[in-house]
Amino acid sequence: MGAEGCVVTGSIGLSRGGKSADRYRRIYAVVARIPRGRVATYGQVARLAGLGGHARLVGYALSALKDGSRIPWHRVVNAKGRISLRGDRSPANVVQRLRLERESVRFEVSGIISLERFRWRPR
DNA sequence: CCACTGACGAGTG
DNA sequence: GCACTCGCCAGTG
1 MGAEGCVVTG
11 SIGLSRGGKS
21 ADRYRRIYAV
31 VARIPRGRVA
41 TYGQVARLAG
51 LGGHARLVGY
61 ALSALKDGSR
71 IPWHRVVNAK
81 GRISLRGDRS
91 PANVVQRLRL
101 ERESVRFEVS
111 GIISLERFRW
121 RPR
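The opening position of the first sequence corresponds to residue 1 in this note's numbering, with each subsequent residue numbered one higher.
The following block contains the structure:
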């Protein structure tokens with residue numbers, strides 16, 4: 001799908017000065033480009049968005065997404081290849097795993113994804 | 001303005 | 001591989 005043209009409508013309540021809002025927009029734009037069946041890490045997304053070193057912002061930005069947004073947030077995992085949402089106590093955790101498995105992304109017994117195999121490598 | 005929290009990551013022992 | 005620390009940014013009380 002042409003994710004590049006996907007406009008982000010998910011405002012987070014930041015109406016002032018646009019610095020922060022612009023960062024969020026970049027983050028969403030990158031996540032929207034992750035192809036089906038692939039995953040990217042928070043740090044990777046931050047780096048691709050020109051925000052190297054701010055992986056935490058990516059997680060913060062994704063947490064602000066609403067249900068129904070077109071952003072494939074489930075394709076973002078941590079550096080260990082593990083799903084981590086609010087200390088593993090959120091139902092969204094299960095949703096993420098199910099969505100990924102449905103895209104053929106396999107989980108190992110330890111509950112992690114082999115980044116060697118499924119990491120998105122944009123060219 | 002300060003303290004605390006939160007979908008993280010890299011470094012250290 | 002695990003536990004702990006520090007750095008970074010944004011939002012809330």
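All C-beta atoms in this analysis are idealised placements derived from N, C-alpha and C, irrespective of residue type, glycine included.
These numbers were taken from a predicted model, which means no experiment stands behind them.
Residue pairing by DSSP puts V39 in a beta bridge opposite R119.
About 18 Å separates the CB atoms of K80 and I34; that is not less than 8 Å, and the two are not in contact. Beta-bridge pairing by DSSP links V77 to T41. Straight-line spacing of the CA atoms in L57 and A46 works out to 8 Å.
Bridge partners of I112 according to DSSP: R82.
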